[in-house]
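In what follows, a structure is listed as structure tokens, so that the remarks can point back to it.
Numbering (the numbering used here), first residue to last: 16 to 190.
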């Protein structure tokens with residue numbers, strides 16, 4: 016994975032939302048985009064017999080954005096829907112991936128997901144690469160998933176099944 020250039024504009028919060036706590040609270044009140052984009056469900060089998068589920072939103076660009084929700088969320092969380100809308104505006108194909116037992120995958124897993132589930136993300140990257148080898152992969156992971164993404168990327172796993180070409184870890188719970 017190569018290092019990206021800094022964004023062309025500085026990333027500063029507006030004066031009325033300078034606090035991270037306030038930004039978190041406001042984010043829950045911003046309207047999420049409706050799930051009006053056409054999509055198809057998919058399943059990813061895991062080595063232990065559990066399944067991950069998700070939705071594929073087709074695009075035109077040569078990029079597949081994989082979006083992973085945070086703790087207690089699923090692929091219908093407001094921030095996931097906003098990310099899907101933004102990626103679709105850029106023409107990206109999008110996969111929203113539910114962790115074990117979340118969203119449409121409720122009841123399909125014996126094991127719970129956790130912040131060390133980097134191998135599950137690796138399975139999603141490998142499945143995406145197998146199904147769409149022509150597309151570059153961008154991972155966007157929130158909170159608990161961001162920690163799992165960093166674990167996947169940072170060599171904290173013996174041999175991750177797959178890794179993305181680029182990644183954005185949003186608010187990982189790390190020190």
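Note that the Cβ used here is the ideal one computed from N, Cα and C, for glycine as well.
Inter-residue Cα distance where the pair is residue i and residue j
i, j, result
"residue 167", "residue 177", "8 Å"
"residue 130", "residue 142", "20 Å"
"residue 153", "residue 104", "15 Å"
"residue 139", "residue 57", "11 Å"
"residue 159", "residue 132", "9 Å"
"residue 33", "residue 100", "25 Å"
"residue 92", "residue 45", "12 Å"
"residue 59", "residue 128", "14 Å"
"residue 117", "residue 87", "8 Å"
"residue 170", "residue 137", "12 Å"
"residue 27", "residue 113", "30 Å"
"residue 181", "residue 98", "16 Å"
As assigned by DSSP and simplified to three states, the class of residue i
i, result
"residue 153", "strand"
"residue 119", "helix"
"residue 96", "helix"
"residue 55", "strand"
"residue 108", "strand"
"residue 61", "coil"
"residue 45", "coil"
"residue 86", "coil"
"residue 178", "coil"
"residue 129", "coil"
"residue 27", "coil"
"residue 32", "helix"
"residue 38", "helix"
"residue 2", "The requested residue 2 does not occur in the structure, where the chain is confined to residues 16 to 190."
"residue 124", "coil"
One or two residues paired with residue i in a DSSP bridge
i, result
"residue 183", "155"
"residue 70", "56 and 111"
"residue 78", "151"
Nearest-angstrom beta carbon gap, residue j and residue i [assumed within contact, 8 Å]
i, j, result
"residue 115", "residue 135", "7 Å"
"residue 149", "residue 77", "7 Å"
"residue 121", "residue 63", "The Cβ separation is near 18 Å, so there is no contact."
"residue 108", "residue 147", "7 Å"
Beta-carbon spacing of residue i, residue j below 8 Å
i, j, result
"residue 66", "residue 123", "yes"
"residue 162", "residue 185", "no"
"residue 94", "residue 157", "yes"
"residue 54", "residue 70", "yes"
"residue 106", "residue 74", "yes"
"residue 68", "residue 119", "yes"
"residue 61", "residue 110", "no"
"residue 165", "residue 187", "yes"
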